[in-house]
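Residue numbers (the numbering used here): 90 to 160.
Note that beta-carbon positions come from the ideal geometry of N, C-alpha and C, so glycine has one too.
The block underneath contains the structure these notes are about, expressed in C-alpha cells.
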Amino acid sequence: TFHGLTAYVLLGTQSTFDTYRYWTIGSLAGVRLGDFALLAPLAALGLAGALLCARPLSALGLGDDTARALG
C-alpha cells in the first residue's frame with residue numbers, strides 16, 4: 090500500500106526520518122535555501138488560487154442554515 094511505501098522511505102535513514110519529523114511539527118531547521126527557492130513559486134501559485142476561490146466559497150454560499158451554524 091501507499092502507507093507502506095511512505096514508511097519505507099521515511100524510515101530508510103535516521104536523518105530522513107528526523108527531517109520528516111521536524112517538518113511535520115513545524116520546524117524549518119533543516120531547510121536549505123535551494124529547497125525554499127523550489128517551493129516558493131508553487132506556494133505563490135497555491136496562494137493565488139486560494140485567493141481567487143475564496144470569494145465564492147464564503148459561508149453564506151453554503152446556505153442559510155450552514156452559515157448560521159458557522160457564525
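Assigned secondary structure, residue i (DSSP; H/G/I helix, E/B strand, else coil)
i: GLY138; result: helix
i: PRO130; result: helix
i: ARG144; result: coil
i: GLY160; result: coil
Residue i and residue j closer than 8 Å at C-beta
i: LEU99; j: TYR109; result: yes
8 Å CB neighbourhood of residue i in its chain, flanking five on each side removed
i: ALA118; result: TYR111
i: ALA143; result: none
i: THR105; result: VAL98, LEU99
Checklist line | Secondary structure, alpha helix (DSSP H): runs of 4+ residues fully inside the stretch 98 to 122 | finding: 103 to 113
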